[in-house]
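> Those letters in the sequence shown? Residues 138 to 906, by the numbering used here.
We put the CB at the ideal spot given by N, CA and C, even for glycine.
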Amino acid sequence: MRPIVLLCTLLWASCSPPAAPNVQVAAWEQRAERVTIIRDDWGIPHVYGETDADAVFGLMYAQAEDDFNRVETNFLNSQGRLAEAEGEGEIYRDLRMKLFIDPDDMRAQYEASPAWLKSLMDAWADGLNFYLHTHPEVTPRVITHFEPWMALTFSEGSIGGDIERVDLDALETFYGSRPENMAHGQRRDASVVASRVAPEGIGPVRPASDVVLADVVSRDDAAVQGTGRQAWDEGFLPEPTGSNGIAIAPSNSASGNALFLINPHTSFFFRAEVHVVSDEGLNAYGAVTWGQFFVYQGFNDRVGWMHTSSRVDNIDEYLETVIERDDGLYYRYGDEERPVTARRVTVPFRTDTGMAQREFTVYRTHHGPVVRQEDGKWVSIRLMEEPTDALTQSYLRTKARSYDEFVETMRLHTNSSNNTVYADADGNIAYFHSNFVPERDTRFDWDEPVDGTDPTTDWQGVHAVEESPNSVNPSVGWIQNTNNWPYSAAGPESPDQDDFPRYMDRGSENPRGVHAIRVLENKTDFTLSSLMQAAYSNQLPAFAQLIPPLVEAFDQAPATSPFREGLAEQIEALRGWDYRWSVESVPTALAVLWGEDLMRQVSDDARAAGVSVYDYMATRTSEEQRLETLAGVSRRLVEDFGSWETQWGDINRFQRLTGDIDHPFDDDGPSIPVGFTSGRWGSLASFGARRHDGSKKLYGTSGNSFVAVVEFGDTVRARAITAGGQSGDPGSPHFNDQAQRYSTGDLREVYFYRTQLEGHTEREYHPGG
138 MRPIVLLCTL LWASCSPPAA PNVQVAAWEQ RAERVTIIRD DWGIPHVYGE
188 TDADAVFGLM YAQAEDDFNR VETNFLNSQG RLAEAEGEGE IYRDLRMKLF
238 IDPDDMRAQY EASPAWLKSL MDAWADGLNF YLHTHPEVTP RVITHFEPWM
288 ALTFSEGSIG GDIERVDLDA LETFYGSRPE NMAHGQRRDA SVVASRVAPE
338 GIGPVRPASD VVLADVVSRD DAAVQGTGRQ AWDEGFLPEP TGSNGIAIAP
388 SNSASGNALF LINPHTSFFF RAEVHVVSDE GLNAYGAVTW GQFFVYQGFN
438 DRVGWMHTSS RVDNIDEYLE TVIERDDGLY YRYGDEERPV TARRVTVPFR
488 TDTGMAQREF TVYRTHHGPV VRQEDGKWVS IRLMEEPTDA LTQSYLRTKA
538 RSYDEFVETM RLHTNSSNNT VYADADGNIA YFHSNFVPER DTRFDWDEPV
588 DGTDPTTDWQ GVHAVEESPN SVNPSVGWIQ NTNNWPYSAA GPESPDQDDF
638 PRYMDRGSEN PRGVHAIRVL ENKTDFTLSS LMQAAYSNQL PAFAQLIPPL
688 VEAFDQAPAT SPFREGLAEQ IEALRGWDYR WSVESVPTAL AVLWGEDLMR
738 QVSDDARAAG VSVYDYMATR TSEEQRLETL AGVSRRLVED FGSWETQWGD
788 INRFQRLTGD IDHPFDDDGP SIPVGFTSGR WGSLASFGAR RHDGSKKLYG
838 TSGNSFVAVV EFGDTVRARA ITAGGQSGDP GSPHFNDQAQ RYSTGDLREV
888 YFYRTQLEGH TEREYHPGG
């Protein structure tokens, strides 16, 4: 029996966090004494450190306390290690990440980083490792020890990063079927190498899928419920999560101070609310993506920043002409034949019996990694790959204290997937278009793959900050962006589309943009309270376009039509509707369910016709199709809820039952009515909800995830709310304590100054204490 006992002991040791040397533990403990964490009465951590590195150490410790699972999962994804926790189904997601993220390269970039940035990365790793050391009951799924270089693998903070634009099915088709990646002609299992490492516990996660609808889906919209083609295949609409940012100039505020709305729309619980302060000038409050050491969307005492997903074209595909020679593969570039770079990549994955791995030979040209094949040519993809500068910019903007300092951080050009809405205590407001826009020859159609053999298709540097369609201090006194195009950011004072190349923006106006302009124009007395009310304005402008044609179809139906009797009451309810949502509204329920059903039916046709899906629904659908869709919705409401006269709040619900990333839903479980709707209908407050696993009610999984309104002046005033609560632990009092206020837009006071925490402190301690 002794060999078996020894084997079991070795297996247990291989899956447990390694014991830290005493000298390392002593250093952690000394640093912990220089850090104070104050949890306010909502559980939000206010982290105070002597140095920036001390504050980062405490911030990571606090994040791990709140939801270590999400911290680890984000870095499993960022390093291409999800399959180690979740199995073979994530192999190609991991391979995609490994095309861009090479640990040896990340280590080299870490070593070459400036001392100040290395100290932050060291503190990042130390904070997480100290948490694991002081919480031996926590069993990581994979990462038992964090190394400083790992911080470079997730350096920008957006929920749907550039890498996820690579289609997984096409990637698998290309690499999974190549002879060098197979053994004995078997596609999947022949190259698997068994391991004796025992499997660890897993929990499902689904990062971003690909964008499919220009009118419906935007870039910051990777939601746990699924987006893009996966969503269509599963029979529901991909949610246009995106984000809202609004800045109000002093001329339009009652106090004469700048006001600011921070309203990211992401999958719920993807970011936490934090406050991190140091004696070296760090003082940032806002939303931090789990596992990162910078506040991604937030404010300090002088400056506020809000990122919204951009529709810029800054990712390009190249058609490569590849030639096989005796000494390897080459690709044509002008008059040259350049060698294709090949390297071996190993993707470990979990199985029912232990660990296994697949090995791939992957390829790259100077344009970027090869990701698929089209018409006999290999396709490489080029995108921004500057993790050190990206991490630098993400952190330094949180310490900017003026417009000039903030713009200086933008000259690193690494906030690639986002626009930025800005406000500051000096009264400046601005909209900055995507921070990374390659300069290209406008003769080519950059929406399509270009000829990689033609040197004139290469990027010609990056556009300067000032060369983008920005809006700075417009006299209208407001700035808005809702993932719509930049050409309405400041109403009549917006940039002129004709002044910029097509690749600057591939988007259009959207219903949220129409709504935002409506609540901002001609108003000059904004307060913190009225800005909050604007953020929850209950207009649904898309239905002002869509419902009249539906009513007209009914009015024009012949007297003998079965719709005349069957839909008369529903049509009258919609005819008298003011296109505003509320939990008590029956027309809201009818309109949303009808609109979603009709949009599912015609979106492919609208895209093929090259017109807005909203225009197509309003003008190109038949009268019978509009009415039959409403009849079908009415039947479903009767079947599920007993009557077509069902209030919207009885259908549209917020529910948080567990801390699982892939959250379960239950019609018999407790839930809360929510009045606001999907952003696709123009609701500024967004709530992306659908049926789950046979449920009758719709449950939200994305949309308003963090909301804050801020007033800058001699001091900062702010109010905020987080979906559900701060903690991922169902046993915590802060797991769901904000849910009711979240559902009604009742933002709570932000305790920005330490004096404000008096009487609102739940716990004060050092990390490890």
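Among G786, I809, W785, I788, which one has its Cα closest to the Cα of L794?
Mapped onto the sequence shown, residue 794 falls at position 657. Considering only alpha carbons, the answer is I809.
> Closest to D595 by C-alpha separation, out of K660, A192, E454, would be which residue?
In the sequence shown, the residue the question calls residue 595 occupies position 458. Per the Cα distances, E454.
> Using three-state DSSP, classify W369 as helix, strand or coil.
Against the sequence shown, residue 369 aligns to sequence position 232. Note on W369: pLDDT 35, under 50, position unreliable in the model; no value is reported.
> Near T579, what residues of its chain come up, given a Cβ to Cβ distance below 6 Å and the 5 sequence neighbours on each side ignored?
Mapped onto the sequence shown, residue 579 falls at position 442. Taken in chain order, the residues that qualify are P638.
> By a C-beta neighbour count over all protein chains shown, 10 Å radius and 16 as the cutoff for buried, is V303 buried or exposed?
Working through the sequence shown from its first residue, we reach residue 303 at position 166. V303 should be labelled buried.
> What residues match up with M443 in a beta bridge as DSSP calls it?
The residue given as residue 443 occupies position 306 in the sequence shown. Paired residue(s): V558.
> Starting from the C-beta of A249, find all residues in its chain whose C-beta is less than 8 Å away, skip the five residues before and the five after it, and write them out in chain order.
The count along the sequence shown starts at 1 and reaches residue 249 at position 112. Excluding positions up to five away in sequence, the list reads T525.
> Select from S404, P592, L821, F849 the residue whose C-alpha is nearest the C-alpha of D561.
Translated into the one-based positions of the sequence shown, residue 561 becomes position 424. When only C-alpha atoms are compared, the closest one is F849.
> State yes or no: is the C-beta of V208 within less than 8 Å of the C-beta of G465?
Walking along the sequence shown from the start, residue 208 turns up at place 71. Walking along the sequence shown from the start, residue 465 turns up at place 328. Not a contact, by the Cβ cut-off of 8 Å.
> Under a three-way DSSP split, which group does R891 fall into?
If you number the sequence shown from 1, residue 891 lands on position 754. It is helical.
> Who are T310's beta bridge partners in DSSP?
In the sequence shown, counting from the first residue as 1, residue 310 sits at position 173. Looking at the DSSP assignment, T310 forms no beta bridge with any residue, so it has no partner.
> Between D450, E646, A653, which has its C-alpha nearest P586's C-alpha?
Your numbering for residue 586 matches position 449 in the sequence shown. Measuring from the Cα of P586, the nearest candidate turns out to be D450.
> The beta strand (DSSP E) with V279 in it runs from where to where?
Here residue 279 refers to the residue found at position 142 when the sequence shown is read from its first residue. Element bounds for V279: n/a, residue is neither H nor E.
> Secondary structure at M521, three-state DSSP: helix, strand or coil?
Taking the sequence shown and counting its residues from 1, one reaches residue 521 at position 384. In the structure shown, M521 sits in coil (DSSP, three-state: anything other than H, G, I, E or B).
> The alpha helix (DSSP H) spanning E899 covers which residue range?
Numbered from 1 along the sequence shown, position 762 holds the residue referred to as residue 899. Careful: E899 lies outside any alpha helix (DSSP H), inside the beta strand (DSSP E) at 898-902.
> Do three or more CB pairs link the region 282-297 to the region 470-486 at distances below 8 Å?
Flag = no, the region 282-297 and the region 470-486 do not touch.
> Shortest alpha-carbon distance to R772 belongs to which of S719, T814, S447, G703?
Sequence index remark: in the sequence shown, residue 772 carries index 635 (1-based). It is G703 whose Cα lies nearest to the Cα of R772.
> Does DSSP put R325 in a helix, a strand or coil?
In the sequence shown, the residue the question calls residue 325 occupies position 188. Unreliable positioning characterises R325 in this predicted model, as indicated by a pLDDT of 35, which lies under 50. The coordinate reading is nonetheless provided below. Coil.
> If distances are taken between C-alpha atoms only, which option among P648, Q877, D805, F813 comes closest to G831?
In the sequence shown, residue 831 corresponds to position 694, counting from 1. It is D805 whose Cα lies nearest to the Cα of G831.
> For A192, which option in F430, R828, D692, E474 has the closest C-alpha, if you only look at C-alpha atoms?
In the sequence shown, counting from the first residue as 1, residue 192 sits at position 55. Measuring from the Cα of A192, the nearest candidate turns out to be F430.
> Which class does G905 belong to by DSSP, given the choice of helix, strand or coil?
By one-based count along the sequence shown, residue 905 stands at place 768. Coil, per DSSP.
> If I'm right that I383 touches V558 with Cβ under 8 Å, what's the distance once you round it to whole angstroms?
If you number the sequence shown from 1, residue 383 lands on position 246. If you number the sequence shown from 1, residue 558 lands on position 421. 7 Å between Cβ atoms; contact.
> Excluding the 5 residues flanking L226 on each side, which residues of the same chain have their C-beta closer than 8 Å to its C-beta?
Position 89 of the sequence shown, counted from the first residue, corresponds to residue 226. Note that residue 226 is Gly in the sequence shown, not Leu. Cβ neighbours of G226 beyond the five flanking positions: A220.
> Return the chain-ordered list of same chain residues with a C-beta closer than 7 Å to the C-beta of R548, the five sequence neighbours on each side being excluded.
One-based indexing of the sequence shown puts residue 548 at position 411. Closer than 7 Å at Cβ, skipping near neighbours: V602.
> With the cut-off set at 8 Å, would you say F663 and I385 are in Cβ contact?
Position 526 of the sequence shown, counted from the first residue, corresponds to residue 663. Position 248 of the sequence shown, counted from the first residue, corresponds to residue 385. Taking 8 Å as the Cβ cut-off, F663 and I385 qualify as a contacting pair.
> By DSSP, does S722 sit in helix, in strand, or in coil?
For the purposes of this step, residue 722 is taken as the residue at position 585 of the sequence shown. Note: S722 maps to coil in three-state DSSP.
> Evaluate the contact criterion for the region 505-525 versus the region 400-409: three or more CB pairs, one atom per stretch, below 8 Å.
Contact between the region 505-525 and the region 400-409 is absent, because fewer than three Cβ pairs lie under 8 Å.
> Given this structure, state the Cα-to-Cα distance separating N675 from A745, to the nearest angstrom.
One-based indexing of the sequence shown puts residue 675 at position 538. One-based indexing of the sequence shown puts residue 745 at position 608. Cα to Cα, the separation comes out at about 32 Å.
> Please report the straight-line C-alpha distance between T458 and R218, rounded to a whole angstrom.
Position 321 of the sequence shown holds residue 458. Position 81 of the sequence shown holds residue 218. Near 32 Å, if we compare the C-alpha coordinates of R218 and T458.
> Between which two residues does the alpha helix (DSSP H) harbouring Q494 extend?
For the purposes of this step, residue 494 is taken as the residue at position 357 of the sequence shown. Counting along the chain, Q494 falls outside any alpha helix (DSSP H), though it belongs to the beta strand (DSSP E) covering 492-502.
> Just reading off the beta strand (DSSP E) that E761 is part of, what are its end residues?
Numbered from 1 along the sequence shown, position 624 holds the residue referred to as residue 761. Segment 760-778 is the alpha helix (DSSP H) holding E761; no beta strand (DSSP E) there.
> For Q682, which option in Y673, Y879, L711, F497 has the closest C-alpha, if you only look at C-alpha atoms?
Along the sequence shown, read from residue 1 onward, the residue named residue 682 stands at position 545. Q682 has its Cα closest to that of L711, out of Y673, Y879, L711, F497.
> Got a sec: is the Cβ-Cβ distance from A626 to anything in chain D below 8 Å?
Annotation note: the requested chain D is absent from the structure, which comprises a single protein chain.
> Looking at the structure shown, is N206 part of a helix, part of a strand, or coil, going by DSSP?
As a working mapping, residue 206 is identified with position 69 in the sequence shown. N206: helix per DSSP, three-state reduction.
> Find the nearest neighbour of N437 within the set Q893, R854, Q877, D874, judged by alpha-carbon distance.
For this step, residue 437 is matched to residue 300 along the sequence shown. Among Q893, R854, Q877, D874, the Cα nearest to that of N437 is on R854.
> Output yes or no for whether 8 Å exceeds the beta carbon distance between F872 and S880.
Along the sequence shown, read from residue 1 onward, the residue named residue 872 stands at position 735. Along the sequence shown, read from residue 1 onward, the residue named residue 880 stands at position 743. Against a cut-off of 8 Å, the Cβ pair of S880 and F872 comes out as no contact.
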